[in-house]
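Residue numbers (my numbering): 3 to 106. Note that the Cβ used here is the ideal one computed from N, Cα and C, for glycine as well. Small disclaimer: the values here were computed from a predicted structure and weren't measured. Scroll down for the structure; my scribbles are underneath it.
Listed below in structure tokens is the structure:
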């Protein structure tokens, strides 16, 4: 239990914001506002790279922070960074078959 991140609500909410940004990006044109929000959300998630997103109690595992940052990189048009985030996610979940399957 000590190795699990203590996120409370900020990181899970940011993960949901990133997923929303990704959905908006896929269904409409990229706007200055969405780009600004995506960059700011990514900046807030950066300190949590290499962690898993845990939400609430009982805990809900939302996957690696890098997965969330992948959506933001794609929304910002940065494919190379998105692929780098996916690689780091694969490394993080390599020992957890269920997470690895969900990640892929």
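Residue i: first and last residue of the uninterrupted alpha helix (DSSP H) it sits in
{"i": "residue 18", "result": "12-29"}
{"i": "residue 68", "result": "67-77"}
{"i": "residue 33", "result": "Segment: none, residue 33 is in no alpha helix (DSSP H) and carries neither H nor E."}
{"i": "residue 96", "result": "Where residue 96 is concerned, there is no enclosing alpha helix (DSSP H), given that its DSSP letter is neither H nor E."}
Beta-carbon proximity check, residue i vs residue j, cutoff 8 angstroms
{"i": "residue 17", "j": "residue 78", "result": "no"}
{"i": "residue 19", "j": "residue 43", "result": "yes"}
{"i": "residue 96", "j": "residue 83", "result": "no"}
{"i": "residue 24", "j": "residue 73", "result": "yes"}
Residues that residue i bridges to, as DSSP identifies them
{"i": "residue 46", "result": "In the DSSP output, where bridge partners are listed per residue, residue 46 has none listed."}
{"i": "residue 63", "result": "56"}
contact_flag[the stretch 47-57, the stretch 13-25] where n(CB pairs < 8 angstroms) is 3 or more: yes
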